[in-house]
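Peer 1: Protein chains in written order, with our numbering: chain A, 5 to 660; chain B, 81 to 182.
Glycine included, C-beta positions come from ideal geometry on N, C-alpha and C.
Would you mind keeping the following structure in view while I ask a few things?
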Amino acid sequence: MFLLTHLWIILALPLLGSAINGLFGKAFSKLLVNTFAVGSVALSFVAAAEAVREFFLLAPSQIPFVKSYFTWLMGGEATAHPFRVDFALQIDQLTVVMLMVVTFVGMLIHIYSTGYMAHEDGYYRFFCYLNLFMFFMLTLVTGANLIVMFVGWEGVGLCSYLLIGFYFLKKSAVDAGKKAFIVTRIGDFGFTVGILMVFATFGTVTFGEIFPQVGSISTPVLTTICLLLFTGAIGKSAQLPLYVWLPDAMEGPTPVSALIHAATMVTAGVYMVARMNPLFSRAPVAMLVVGIVGAITVFYSATIGLVQTDIKKVLAYSTVSQLGYMFLACGVGAYASGIFHLMTHAFFKGLLFLAAGSVIHAMGGEQDMMKMGGLRKKIPVTYWTMLIATLAIAGIPGFAGYFSKDAILEAAQSGPHANLILWLLGVAGALLTSFYMFRLVFLTFFGAPRYDEHKVHVHESPKNMTVPLIILAFLSIFGGWFAAPKLIGGTDYFESFLAPVFASSAPIADMAAEPTEALTPAMSLLHALVSWPVAVGILGLLVAWYFYIKRPDIPKKMAQSAHGLYLLLLNKYYVDEIYAALIVRPLLWISTNVLWHVVDEGAIDGVVNGTATVARGSGSELRKIQSGNLRSYAAWVILGAVGFTALLFGLLGVAH
Amino acid sequence: MSAIPISWYLVLSAVLFGLGVVAFVFKRHIITIFMSIELMLNAVNLAFVAFARARGALDGLVFVFFVIVVAAAESAVGLAIVIMLAQNRQSMNVERENLLKL
């Protein structure tokens, strides 16, 4: 019970590592920086594992296990609605999943970074930020109320900003960092208002006190709250229409893309929606919006991924698309499947990014897939691990991604909130996903080399980079096998593990009670394997193989015959340009032409200059009175006396 | 928590505010001056929060939020001016910013 009551230790370790490296790292050797950075996260993982072990010993009545450490914010005790926020952490099944994913994947990526960043300047600064990120991410997933969660939420945003702009002498990196920060801030505005509305409605921000009250709140209020909270998720998890920052965020070092912009931070929105599921499940309209946004994002960003040639950009759009699946899952009420996909995605997408980093490392910094090719034999470990991750994301049976994606699409097809259109978009997205991922693999690892072999000395990455790849590849296969018994008609262990968290959202008619057990194990296996997601996954593979191995001339021809569409996709639907035209440029125009030239120069400077002009003008006019001529003074005195007398008698009527 | 009497907070607030005033008057580096303004604002915030806490009321906290928001806006404008100064005058010393002097 020690670590359960001291959950803060899990958070404090990376914070300590960050502080040590940040304050003294400049003087440290790389080995010492590594020791503190990787050591703190590894210890954090061990602590989290121990906490999880203790968690399994708890009785169901003790879950969620909440521990309040101190009262952080307190106000208005004398009023009817006191505001009180404890610094409280909690652990339940959902937190267990997130804790393990974040600490374990985080640890692997820290190890990988020691190899990837070995030749970079600002080595200690990188690990200071990365450790700080771990602290905030763990705060986000363990917080027992919305405010503590919000601290983590904003903290990871800050670290994301710092790490995207890590190469701060490069203008594009700095701009990308600012873009990420500002765009997510738009979403966070909605989130903040949502939190305030939660407090106004429930009188508390603590999860354990909100959820029992939801039954007594009217649906429109819940819908508004959910939509506001979801706005935050849209920004953080890069969904339409606020996804534009994520592709640009690829300016950061590749381990950052893997950890923050694929495996953990961007999934915070999904976590938050899943965490608030008692609210969402009572707001059908909000759920539908979540599902629609997710499904459209799945399809939309997958189409952009089809034509990108930058290896990291393909993965970035793929991430946006996969996050869409998680929201699609939440939207059709399959929260457990969404979290399942979150976990498997952390494994295979983290792996894809790390492997892409390994490719980039091997190519000496080249990111354009058109300048790669034939790398299969030269970097075999990277090739095999990346192939496994690709099979996983394409949803090929047996790999982790198959189980989670299939569960989501099944829920969209036949679950309690099934929606045929969402399902269709999901399946179409699965086809595109499979195609663009195999396109990436074929372009990178197959065919003839398209780079100068005399200049680029392709070499396999060092051990500290390949070992994390191999571990993640292992997880990309077996990480989904919790759900494997379901294939032969058994239980999905992942879903049943998370069931208590989503119990209040479960439909009244229990799904397990449906007569599915009529199928024999062999029949249900057949049923699971002969399904649309699997079919389109394999179809995508075959089409990619035909296009990029068998007949490499086809893609070019297609690009020419459908030139308009090709350009539209290549330029990402011109969304950046549209936003620039609709929002950025009008703002700049108003700033320049109204606020600057009219308000600032006209009104504010006008007042200042006007005051000076009046003072000077009146001074120079009044000066003329002081002529030094005695007779004119006497004339003024007489004039004054006459005037005064006239005033007294004429206007005030003293004569009467 | 409530064992700490309000006077302690007020003394701390006063000390912080005093430090801010002194720094504001004597420092020459524009960023330091900026920070001393922030220090004074936060000293006042502390007093607000202390009173709100002692009275069990919310209005003091609301005031603090306003102060924070206004301070954020002020920082944004102020830092923009600082950057322009640094770019145009290559100096962060306020004594050198004397173009408007006679």
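1. Chain E partners of F87 (chain A), CB-CB under 9 angstroms?
2. Which residues in chain A have a C-beta closer than 9 angstroms to the C-beta of A166 (chain B)? List them in chain order.
3. Can you give me the C-alpha to C-alpha distance between L200 (chain A) and R286 (chain A), rounded to a whole angstrom?
4. Around the Cβ of K174 (chain A), are there at least 16 other Cβ atoms within 10 angstroms (buried) or fewer (exposed)?
5. Could you tell me if T649 (chain A) is buried or exposed, where buried requires 16 or more neighbouring beta carbons within 10 angstroms of its beta carbon?
6. Could you name the residues of chain A that A153 (chain B) contacts, counting a contact when the two beta carbons are closer than 9 angstroms?
7. Specify, as a first and last residue, the run of the beta strand (DSSP E) that K71 (chain A) falls within.
8. In chain A, which residues lie less than 9 angstroms from A132 (chain B) when you measure between Cβ atoms?
9. What are the residues of the stretch 200-221 of chain A that lie near chain B, defined by any Cβ-Cβ distance shorter than 9 angstroms?
10. Using C-beta distances below 8 angstroms, list every residue in its chain close to A55 (chain A), excluding the 5 sequence neighbours before and after it, in chain order.
11. Taking three-plus beta-carbon pairs below 8 angstroms as touching, is the stretch 405-421 of chain A in contact with the stretch 562-571 of chain A?
12. Relative to the alpha-carbon of Y171 (chain A), which residue among A:T524, A:E124, A:Q66 has its alpha-carbon at the smallest distance?
13. With 16 other CB atoms within 10 Å as the buried threshold, where does G606 (chain A) fall?
14. Please report whether the beta-carbon of T83 (chain A) lies at a distance below 7 angstroms from any beta-carbon of chain B.
15. Can you check DSSP and say which residues form a bridge with V302 (chain A)?
16. Hey, which unbroken runs of the beta strand (DSSP E) at 3 residues or more fall wholly within the stretch 90-129 of chain B?
17. So, for L179 (chain B): in the same chain, excluding its five sequence neighbours on each side, which residues have a beta-carbon less than 6 angstroms away from its beta-carbon?
18. With V274 (chain A) and F284 (chain A) assumed to form a contact (beta carbons below 8 angstroms), what rounded beta-carbon distance in angstroms separates them?
19. Give, in chain order, every residue of the stretch 103-119 of chain B whose Cβ lies closer than 8 angstroms to some Cβ of chain A.
20. Considering A333 (chain A), what are the terminal residues of the beta strand (DSSP E) in which it resides?
21. Which of the three DSSP states, helix, strand or coil, is assigned to D96 (chain A)?
22. What residue ranges within the stretch 89-153 of chain A form continuous alpha helix (DSSP H) runs of no fewer than 4 residues, ordered along the chain?
23. Can you tell me whether DSSP reads P18 (chain A) as helix, strand or coil?
24. Between the stretch 161-171 of chain A and the stretch 252-264 of chain A, do at least 3 Cβ pairs fall closer than 8 angstroms?
25. In whole angstroms, give me the CA-to-CA distance for V89 (chain A) and A132 (chain B).
26. Closer than 7 angstroms by C-beta to A360 (chain A): which residues in its own chain qualify, once you throw out the five before and the five after it? Chain order, please.
27. Just the Cα atoms here: how many angstroms apart are M389 (chain A) and G136 (chain B)?
28. Is T268 (chain A) helix, strand or coil when you go by DSSP?
29. Measuring only the C-alpha atoms, how far is L27 (chain A) from L19 (chain A)?
30. Taking the alpha-carbon of A432 (chain A) as reference, which of A:G368, A:A350, A:L310 has the nearest alpha-carbon?
31. Using the C-alpha atoms, what's the distance from L358 (chain A) back to E464 (chain A)?
32. In chain A, what lies closer than 8 angstroms to R135 (chain B) by C-beta?
33. Three or more C-beta pairs closer than 8 angstroms, one from the stretch 466-479 of chain A and one from the stretch 569-586 of chain A: is that the case here?
Peer 2: Inspection of the coordinates gives the following:
1. In the displayed structure, chain E is absent; the protein chains listed are A and B.
2. Result: empty, since nearest Cβ-Cβ is about 16 angstroms, beyond 9 angstroms.
3. 19 angstroms
4. exposed
5. exposed
6. Chain A residues near A153 (chain B): none, gap ~14 angstroms exceeds 9 angstroms.
7. 69-79 is the span of the beta strand (DSSP E), which, as asked, contains K71 (chain A).
8. Simply G79, G80.
9. none
10. L7, L8, L11, I14, I95, L103
11. no
12. A:E124
13. exposed
14. Yes, because at least one Cβ of chain B sits closer than 7 angstroms to the Cβ of T83 (chain A).
15. Answer by DSSP bridge pairing: none, since V302 (chain A) is not bridged.
16. none
17. The beta carbon of L179 (chain B) sits closer than 6 angstroms to no other beta carbon from its chain once the five residues preceding and following it are set aside.
18. Actually they do not touch by this definition, with Cβ atoms about 12 angstroms apart.
19. none
20. From DSSP, A333 (chain A) is part of no beta strand (DSSP E) but of the alpha helix (DSSP H) over 315-335.
21. DSSP, read as helix, strand or coil, puts D96 (chain A) in coil.
22. 97-120, 127-146
23. Correct three-state label for P18 (chain A): helix.
24. As far as the Cβ criterion goes, the stretch 161-171 of chain A touches the stretch 252-264 of chain A, which means the pair count is three or higher.
25. Each residue's alpha carbon lies about 16 angstroms from the other.
26. In chain order, T258, I315, K316, L319 place their CB closer than 7 angstroms to the CB of A360 (chain A), counting only its own chain and leaving out the 5 sequence neighbours on each side.
27. In the sequence as presented, Met is not what sits at residue 389 (chain A); that position holds Thr. If you take the alpha carbons of T389 (chain A) and G136 (chain B), they lie about 60 angstroms apart.
28. coil
29. The straight-line gap separating the alpha-carbon atoms of L27 (chain A) and L19 (chain A) is approximately 12 angstroms.
30. A:L310
31. 13 angstroms
32. A82
33. no
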